[in-house]
Amino acid sequence: MRQIEPITKIPEKVIIPLQQHVGAENKPLVSVGDVVKIGQKIGESGISPVHSSASGKVTAISEYPHPFYENVLSIIIEPDGKDASIEFKAEDYSQLEREQIIGIIKEAGVVESGIPVHTKLSPSDVVILNGMDEAPYMTLNRALMLDFPSEIIDGLKILMKATGASRGFIGIDASNSEATNTMNKAAVDDLNIETVPLKTTYVRGMEEFFAKAVVKREISRGHRISNASTMTSTVGTARAAYDAVCMGKPLTETVVSVWGVKKSQNVQAKIGTPLRSVIEHCGGYKGKPKKIVVNGPMTGVAQYTDEVPVTKDVHGILVQYKEDVTTPEIQPCINCAKCVDVCPANLLPNMLAAFANEDRFDMCKRYNISACVECGKCAYVCPSKIPIVQLIKCAKEWIK
Amino acid sequence: MSIIVSAPPHIKKDTCTKKMVCGMIIALLPAVAVSLYLFGPPAMAIILTCVLAAVGTEGAIQKFILKKAIPTDGSAIVTGLLLALLLHVNVPLWIPFIGAVVAIAIGKQAFGGYGSNIFNPALVGWAVLTMAWPSHMASAGVARLVDIPPFVLLVGAAFLLYMGYIKWQIPASYLISVVFLSALLARDASYIFIGGFILGVFFMATDPVTTPLTKKGRFIFGIGCGILTVIYGLYGNYAEDVCYSILLMNSITPLIDRFVRAKPFVEG
Ligand code: SF4
Ligand code: SF4
Chain A
3 MRQIEPITKI PEKVIIPLQQ HVGAENKPLV SVGDVVKIGQ KIGESGISPV
53 HSSASGKVTA ISEYPHPFYE NVLSIIIEPD GKDASIEFKA EDYSQLEREQ
103 IIGIIKEAGV VESGIPVHTK LSPSDVVILN GMDEAPYMTL NRALMLDFPS
153 EIIDGLKILM KATGASRGFI GIDASNSEAT NTMNKAAVDD LNIETVPLKT
203 TYVRGMEEFF AKAVVKREIS RGHRISNAST MTSTVGTARA AYDAVCMGKP
253 LTETVVSVWG VKKSQNVQAK IGTPLRSVIE HCGGYKGKPK KIVVNGPMTG
303 VAQYTDEVPV TKDVHGILVQ YKEDVTTPEI QPCINCAKCV DVCPANLLPN
353 MLAAFANEDR FDMCKRYNIS ACVECGKCAY VCPSKIPIVQ LIKCAKEWIK
Chain B
12 MSIIVSAPPH IKKDTCTKKM VCGMIIALLP AVAVSLYLFG PPAMAIILTC
62 VLAAVGTEGA IQKFILKKAI PTDGSAIVTG LLLALLLHVN VPLWIPFIGA
112 VVAIAIGKQA FGGYGSNIFN PALVGWAVLT MAWPSHMASA GVARLVDIPP
162 FVLLVGAAFL LYMGYIKWQI PASYLISVVF LSALLARDAS YIFIGGFILG
212 VFFMATDPVT TPLTKKGRFI FGIGCGILTV IYGLYGNYAE DVCYSILLMN
262 SITPLIDRFV RAKPFVEG
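In the order they appear, the protein sequences are chains A and B. Going left to right, the first sequence walks through residues 3 to 402 as my numbering numbers them. Going left to right, the second sequence walks through residues 12 to 279 as my numbering numbers them.
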């Protein structure tokens, strides 16, 4: 059974923000009234272009709410319902040079957590794909591996070629034997590609931890790898690289885990689809929504409105209702050290929070506050419901 | 649409301090029940006095001196129960009363309340009583409330470990170091099967508030307790060693926390 359901219904309105990566905003290449096709480049600044995900007429180019920033200049397209696309030029990556692959990935606008992927493709020995999901609720990486194993393997090979890496790894949750088997089967002919079962839970912003976990395991098995020469990416990016090179398709769609709706599932949505349309596709709200979170529950961003569009970095939508959104009373820290036990950065979150609360920023620094990756785990487990992450974030702002 | 915007994380685990305190009380209930069964009305009187005095003191301080909204968070009940279990069956009732008042007023509130205290409050109460009225606290041949079959306490301990309310590192390192050292010094270590020892190892040495933060720190704490217990044991009796060892280690917990830290995982 397919894990990912494509949303076939064309939304009434598609909003393509010109800013979908970290760096200079794209300049629009079209004007109001123009007719565009799927895959057509409509914004460009030399870093990471954006493309139309629908065919239709540009009705406006104006500021529009964005899931991660405040209002962003966006191209608003009214689809004509034809879904006509430009001609995609497929390539055989084995015939391409390293620079050509990087060029194609750049032109396709492939972005991962805001970073244009082509900028990550410096020479490396190994490429590590992350196939772990941010628990709970986010299941898209698992779904991607079950639905597109051979595309991911090809994508990995493309990334390996682009970085000159000789080996590729895919880190998968050790309890996820289904995905491991699927990927192993897909990679059976490639002796340079291996799956790595991992026990660590992955959290956003922790590529380094993840890469180290993989490298450590390889070293323990007698392989020689150094941390410095690894390139870390995700299974989603591998698939986007495959689409870009082998299909000639720019990044115009993304896979989203949708939870807290009538039918929780993984969907593939056009970039630019308003969250509301995605939620409607999944059966709609279960009641009166209280909070709409984009991306995982631990680090995601709560939205002001469900009109914001899906962007390249939207991988999860979590709707919460009155009963899910509690504002528990904050109790004093009881020194229970639950936060210390879960902190992936080996910090003392309770101390950091206490120092931050008293504006003792010198002490925060001494306790390595900058190493905090803001994963949210400490605040999640804290029995006293102390908003540790906010306190740490504030202190970090001050120190800056 | 009225949706709210707030900072992540957007979910919280459902353990709260109240649940942890309740867990402690539940874990102590089998021991209390067996104690009541074995020692009857005197035990009942001691336990009631301890708990009521502890809760009353806490309530009075929180309400009238600190003017807080909630008179107690329940942790006073735990303190009362622990103190009661440490007492002899034949003590006059003013002993548990004074002990509980001292435990809460000095052991806990004087340091700033639950979470800020350095010493385990029940042990503070116990220590003051022991020093002031040694005759009542060390009546040879008279049982203490905690002198019950040890497995009853172990049931509660297993529950706490299972729920994750106490950290396994301390009891494990405590027990191992006691057994190891006793073997080394050719001392009798059979007291590890005595109720008072088990109560100390699993219920008092594990108090989250007064023990180190890091895993390494907890091992040091447990081993320290073990060494001190055996050394005290050379001179005193087992009942006192456990309590004094834990108190002493409590006092150096801030020091352990200060110096024993895991290497931060700095990127790059
Ligand atoms: S958010 Fe908390 S748990 Fe995560 S790295 Fe920072 S301090 Fe550690
Ligand atoms: S989890 Fe909360 S209560 Fe426990 S030590 Fe950390 S900050 Fe304090």
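Heads up, the beta-carbon is just placed ideally off N, CA and C, and yes, glycines get one too.
Within-8 Å CB hit, residue i to chain A
| i | result |
| --- | --- |
| Y125 of chain B | yes |
| V271 of chain B | no |
| C282 of chain B | Summary: the structure shown does not reach residue 282 of chain B, with chain B confined to residues 12 through 279, and so no result is reported for it. |
| T26 of chain B | yes |
| V100 of chain B | no |
| M35 of chain B | no |
| V89 of chain B | no |
| K74 of chain B | no |
Beta-carbon proximity of residue i to residue j, cut-off 8 Å
| i | j | result |
| --- | --- | --- |
| Y185 of chain B | C236 of chain B | yes |
| A339 of chain A | P219 of chain B | yes |
| T275 of chain A | P252 of chain A | no |
| P330 of chain A | I14 of chain B | no |
| A194 of chain B | I257 of chain B | no |
| G126 of chain B | N337 of chain A | yes |
| A114 of chain B | A133 of chain B | yes |
| I63 of chain A | P30 of chain A | yes |
| I205 of chain B | L165 of chain B | no |
| G170 of chain A | V119 of chain A | no |
| T184 of chain A | I40 of chain A | no |
| Q267 of chain A | E7 of chain A | yes |
| K119 of chain B | Q180 of chain B | no |
| G173 of chain A | L148 of chain A | no |
| G262 of chain A | P19 of chain B | no |
| N348 of chain A | A273 of chain B | yes |
Spatial neighbours of residue i in its chain, beta-carbon cut-off 7 Å, leaving aside the 5 residues before and after
| i | result |
| --- | --- |
| V52 of chain A | I18, L20, Q22, N28, I44, G45 and G111 |
| K264 of chain A | C284, G285, G286 and K288 |
| R100 of chain A | K163, A164 and G166 |
| L98 of chain B | I57, I106, P107, R155 and L156 |
As assigned by DSSP and simplified to three states, the class of residue i
| i | result |
| --- | --- |
| A2 of chain A | The structure shown does not extend to residue 2 of chain A, since chain A spans only 3 to 402, so no value can be given for it. |
| S235 of chain A | strand |
| Q73 of chain B | helix |
| H23 of chain A | coil |
| I242 of chain B | helix |
| W137 of chain B | helix |
| L142 of chain A | helix |
| P292 of chain B | Residue 292 of chain B lies beyond the residue range present for chain B, which begins at 12 and ends at 279; the question has no answer from this structure. |
| Y176 of chain B | coil |
| A339 of chain A | coil |
| W400 of chain A | helix |
| R223 of chain A | coil |
Any C-beta of chain B under 8 Å from that of residue i
| i | result |
| --- | --- |
| K265 of chain A | no |
| T301 of chain A | yes |
| N73 of chain A | no |
| G116 of chain A | no |
| K398 of chain A | no |
| A381 of chain A | yes |
Cβ shell of residue i (< 8 Å), same chain only, five flanking positions each side left out
| i | result |
| --- | --- |
| L239 of chain B | D252, Y255, S256, L259 and M260 |
| G35 of chain A | K59 and V60 |
| V282 of chain B | Absent from the model: residue 282 of chain B. The displayed extent of chain B is 12 to 279, so no value can be given. |
| I129 of chain B | F122, T221, N261, S262, T264 and P265 |
| L39 of chain B | V89, L92, L93, L96, G167 and F214 |
Amino acids of chain C, ordered along the chain, whose beta-carbon sits closer than 7 Å to that of residue i
| i | result |
| --- | --- |
| Q22 of chain A | Absent from the structure is chain C; the protein chains it does hold are A and B. |
Own chain residues within Cβ distance below 6 Å of residue i, not counting five before or after
| i | result |
| --- | --- |
| E278 of chain B | Annotation note: pLDDT 46 at E278 of chain B (below 50); position unreliable, coordinate value reported separately. Result list for E278 of chain B: empty, nothing under 6 Å. |
| V342 of chain A | L350 |
| P223 of chain B | R229, F232, T264, I267 and D268 |
| N143 of chain A | G133, D135 and V237 |
Check: residue i C-beta below 7 Å from any heavy atom of ligand 3
| i | result |
| --- | --- |
| P385 of chain A | Among the ligands present in this structure, namely ligand 1 and ligand 2, ligand 3 is not found. |
May I ask you to list, following chain order, the residues of the segment 138 to 166 of chain B that have a beta carbon less than 7 Å from some beta carbon of chain A? Those would be none; no residue qualifies.
Give the residues from the segment 41 to 68 of chain B that approach chain A closer than 7 Å (Cβ to any Cβ), ordered along the chain. For the segment 41 to 68 of chain B, the set of positions with a beta-carbon nearer than 7 Å to some beta-carbon of chain A is empty.
When you check each C-beta in the segment 206 to 228 of chain B against every C-beta of chain A, which residues fall closer than 7 Å? Listed by position, the residues of the segment 206 to 228 of chain B near chain A (Cβ gap below 7 Å) are P219, V220, L224 and T225.
Short of 8 Å Cβ to Cβ, which residues in the segment 37 to 71 of chain A face chain B? From the segment 37 to 71 of chain A, no residue has a Cβ closer than 8 Å to chain B.
Counting only Cβ-Cβ distances shorter than 9 Å, please list the residues of the segment 176 to 195 of chain B near chain A, keeping chain order. Of all residues in the segment 176 to 195 of chain B, Y176 and K178 have a Cβ within less than 9 Å of some Cβ in chain A.
Chain B contacts made by the segment 276 to 304 of chain A, where a contact means CB separation under 7 Å: So the list reads P291, K292, K293, I294, V295, P299, M300, T301, G302 and A304, given in the order they occur along the chain.
At a CB distance below 8 Å, what residues from the segment 323 to 335 of chain A approach chain B? Give them in sequence order. When C-beta distances to chain B are compared with 8 Å, the residues of the segment 323 to 335 of chain A below that value are D326, V327, T328, P330, Q333, P334 and C335, in chain order.
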